[in-house]
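K.L.:
Would you mind keeping the following structure in view while I ask a few things?
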Amino acid sequence: MSFRYFLLHIARDNEVRTEILSQELALNCQMWTQLKCGLV
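Going by the UniProt record's numbering, the first residue of the sequence shown is number 1, and it counts up by one from there.
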């Protein structure tokens, strides 16, 4: 099962949970980008 499919499956369960999840993913992506930029 792909990660995207997993997220879509969660999205069907609860829109609010999906919104929180997407915000967490955006935050994690931002932190990961800063981490990579710091390592370069």
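Beta carbons are placed, not taken as given, at the ideal position from N, Cα and C, and that holds for glycine.
Flag this pair as yes or no: are the beta carbons of L21 and L8 separated by less than 8 Å?
P.N.:
Within the sequence shown, the letter at position 21 stands for residue 21. Within the sequence shown, the letter at position 8 stands for residue 8. No.
K.L.:
Quick check: the Cα distance between R12 and F3, rounded to an integer number of angstroms?
P.N.:
If you number the sequence shown from 1, residue 12 lands on position 12. If you number the sequence shown from 1, residue 3 lands on position 3. Distance between the alpha carbons of R12 and F3 is about 15 Å.
K.L.:
When the Cα atoms are used, what is the spatial distance from Q30 to G38?
P.N.:
Taking the first residue of the sequence shown as position 1, residue 30 is located at position 30. Taking the first residue of the sequence shown as position 1, residue 38 is located at position 38. The alpha-carbon atoms of Q30 and G38 are separated by roughly 12 Å.
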